[in-house]
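Peer 1:
Numbering (my numbering), first residue to last: -12 to 268.
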């Protein structure tokens, strides 16, 4: 695969911002985002929206950061450092979602604005633990997704957001259309959790055309942080000036390599591993 360029010594890298929650186990959330961004030649700025209590087995709890503090982090970073792309992850409440939406518009981040926004609409952990309040689902639909340059839910999140159960290609296309209808410029339906297939095919839709990105399925249970890593890789490629289809194509290859290099950790699901790039010649 063609890797994203790294900056030279003393050269300022391109910058991207992740607005998300932490993972105390280090496998997902902001930790996954910043690892991938670093390995993709991007300086990662962060706006912490929640602190989770979790490990490889599950999420035991989370603490929300006050909405005004989340927004202030975004405003502070963009005003001084500047970013070329941004992504969201865990935004646990309606108030946080609304604050993030408002500050993104204020700072030129989002669909139709100068800085592209990748929305990873995190609703629940891979173990099924809830990561948003129930009323926040409406805000994800009506406030967050309409600001997305690209929206990247997993299959469980698609079901929660659209009510569509993705089981095959026709239902995947219906889901992509439903996500686009909510206002996203591009929608992705990821096939990684559709384990009945020998390949993993992600479907990208812009309202007119469907693009497919397919890789062989990697047989591993160590896929913690996979969704965060894919979204962060898309944001990284966008920060480097790639188009959305180019960014998704890159991210699909990136996450496949991260799955190949995943490792055991704790007593549950180990993380995907973007540090594979360190071993590439």
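Just so you know, even glycine gets a beta-carbon here, dropped at the ideal spot from N, CA and C.
Is it true that the CB of residue 47 sits closer than 8 Å to the CB of residue 40?
Peer 2: On the chain shown, residue 40 is found 53 positions in, with the first residue counted as 1. On the chain shown, residue 47 is found 60 positions in, with the first residue counted as 1. Yes.
Peer 1: Return the residue from the list 239, 59, 195 and 266 that minimises the CA-CA distance to residue 213.
Peer 2: To locate residue 213, count along the chain shown from 1; it is residue 226. Nearest of 239, 59, 195 and 266 to residue 213, Cα basis: 239.
Peer 1: Helix, strand or coil for residue 203, going by three-state DSSP, please let me know.
Peer 2: For the purposes of this step, residue 203 is taken as residue 216 along the chain shown, with counting starting at 1. DSSP places residue 203 in strand when its eight states are reduced to three.
Peer 1: Which same chain residues, not among the five before or five after residue 50, have their C-beta less than 7 Å away from its C-beta?
Peer 2: Here residue 50 is taken as the residue at index 63 of the chain shown, counted from 1. Hits under 7 Å: 37 and 38.
Peer 1: Rounded to the nearest angstrom, what separates residue 90 and residue 53 at their Cα positions?
Peer 2: As a first step, residue 90 is located in the chain shown; it is residue number 103 there, counting from the start. As a first step, residue 53 is located in the chain shown; it is residue number 66 there, counting from the start. If you take the alpha carbons of residue 90 and residue 53, they lie about 14 Å apart.
Peer 1: Using 10 angstroms around the beta-carbon of residue -12, count the other beta-carbons present and answer buried if the total reaches 16, otherwise exposed.
Peer 2: To locate residue -12, count along the chain shown from 1; it is residue 1. It counts as exposed.
Peer 1: Taking the alpha carbon of residue 16 as the reference point, which residue from -9, 118 and 95 has its own alpha carbon closest?
Peer 2: In the chain shown, counting from the first residue as 1, residue 16 sits at position 29. The shortest Cα separation from residue 16 among -9, 118 and 95 belongs to 118.
Peer 1: Do you know offhand how far residue 188's Cα is from residue 57's?
Peer 2: Locating residue 188 in the chain shown gives position 201, counting from the first residue. Locating residue 57 in the chain shown gives position 70, counting from the first residue. Straight-line Cα distance between these residues: approximately 34 Å.
Peer 1: Please list, in chain order, all residues of the same chain as residue 172 whose beta carbon is under 6 Å from its beta carbon, the five residues on each side excluded.
Peer 2: As a position in the chain shown, residue 172 is number 185, starting the count at 1. Hits under 6 Å: 98 and 136.
Peer 1: Going along the chain, which residues of its own chain have a beta-carbon closer than 6 Å to the beta-carbon of residue 264, five neighbours each way excluded?
Peer 2: Looking up residue 264 in the chain shown gives position 277. Once the five neighbours on either side are set aside, the close Cβ partners of residue 264 are 26.
Peer 1: Does the region 65 to 72 come close enough to the region 2 to 19 that 3 or more CB-CB pairs lie under 8 Å?
Peer 2: Taking 8 Å as the limit for Cβ pairs, the verdict is that the region 65 to 72 does touch the region 2 to 19.
Peer 1: Nearest-angstrom Cα distance between residue -1 and residue 111?
Peer 2: Position 12 of the chain shown, counted from the start, is the residue given in the question as residue -1. Position 124 of the chain shown, counted from the start, is the residue given in the question as residue 111. Roughly 36 Å separates the two Cα atoms.
Peer 1: Taking its Cβ as the centre, do 16 or more other Cβ atoms sit within 10 Å of residue 195, making it buried, or is it exposed?
Peer 2: Taking the first residue of the chain shown as 1, we reach residue 195 at position 208. Exposed.
Peer 1: Alpha carbon to alpha carbon, how far is residue 126 from residue -7? Give it in angstroms, no decimals.
Peer 2: The residue labelled residue -7 in the question sits at position 6 within the chain shown. The residue labelled residue 126 in the question sits at position 139 within the chain shown. Using only the alpha carbons, I get a separation of about 37 Å.
Peer 1: So, using beta-carbon positions, are residue 223 and residue -9 closer together than 8 Å?
Peer 2: As a working mapping, residue 223 is identified with position 236 in the chain shown. As a working mapping, residue -9 is identified with position 4 in the chain shown. Yes. Within cutoff.
Peer 1: Between the Cα of residue 80 and those of 63, 67, 60 and 122, spot the shortest distance and give me the residue it belongs to.
Peer 2: For the purposes of this step, residue 80 is identified with residue 93 of the chain shown, where counting begins at 1. Checked all of 63, 67, 60 and 122; the closest Cα to residue 80 is 122.
Peer 1: Cβ of residue 202 within 8 Å of Cβ of residue 243?
Peer 2: The sequence position of residue 202 within the chain shown is 215, counting from 1. The sequence position of residue 243 within the chain shown is 256, counting from 1. Against a cut-off of 8 Å, the Cβ pair of residue 243 and residue 202 comes out as a contact.
Peer 1: I'd like the list of long-range same chain contacts for residue 65, defined as Cβ closer than 6 Å, with 5 residues on each side in sequence excluded.
Peer 2: Residue mapping note: residue 65 aligns to position 78 of the chain shown, counting from 1. Around residue 65: 94.
Peer 1: Does the region 253 to 260 come into contact with the region 204 to 220, if we say contact requires no fewer than three beta-carbon pairs (one atom in each stretch) closer than 8 Å?
Peer 2: Yes, the region 253 to 260 touches the region 204 to 220.
Peer 1: So, at 6 Å on beta carbons, what are the nonlocal neighbours of residue 96 in its own chain, with the 5 sequence-adjacent residues on each side left out?
Peer 2: As a working mapping, residue 96 is identified with position 109 in the chain shown. Closer than 6 Å at Cβ, skipping near neighbours: 73, 102 and 104.
Peer 1: Throw me the rounded Cβ distance for the residue 159 and residue 174 pair, which I believe falls under 8 Å.
Peer 2: Translated into positions along the chain shown, residue 159 becomes position 172. Translated into positions along the chain shown, residue 174 becomes position 187. That belief does not hold up - the Cβ atoms of residue 159 and residue 174 are roughly 11 Å apart, past 8 Å.
Peer 1: Of the choices 59, 8, 190 and 83, whose alpha-carbon is the least far from that of residue 156?
Peer 2: Against the chain shown, residue 156 aligns to sequence position 169. It is 190.
Peer 1: Using the three-state DSSP reduction, which class does residue 187 fall into: helix, strand or coil?
Peer 2: Residue mapping note: residue 187 aligns to position 200 of the chain shown, counting from 1. It is a strand residue.
Peer 1: Can you tell me whether residue 74 is helix, strand or coil according to DSSP?
Peer 2: One-based indexing of the chain shown puts residue 74 at position 87. Correct three-state label for residue 74: strand.
Peer 1: Opposite residue 4 in the DSSP bridges: which residues?
Peer 2: In the chain shown, counting from the first residue as 1, residue 4 sits at position 17. Answer is 32 and 73.
Peer 1: Hey, could you find the ends of the alpha helix (DSSP H) residue 158 is sitting in?
Peer 2: Position 171 of the chain shown, counted from the first residue, corresponds to residue 158. Unbroken alpha helix (DSSP H) run through residue 158: 156 to 168.
Peer 1: Would you call residue 227 buried or exposed, if buried means 16 or more other Cβ atoms sit within 10 Å of its Cβ?
Peer 2: Locating residue 227 in the chain shown gives position 240, where the first residue counts as 1. Its Cβ being crowded by 16 or more others within 10 Å, residue 227 is buried.
Peer 1: Using 10 angstroms around the beta-carbon of residue 55, count the other beta-carbons present and answer buried if the total reaches 16, otherwise exposed.
Peer 2: Within the chain shown, residue 55 is the residue found at index 68, counting from 1. Its Cβ having fewer than 16 others within 10 Å, residue 55 is exposed.
Peer 1: If I measure Cβ to Cβ from residue 232 and keep anything under 8 Å in the same chain, skipping five residues before and after, which residues do I get?
Peer 2: On the chain shown, position 245 is the one that residue 232 refers to. Only 191 and 198 meet the Cβ criterion.
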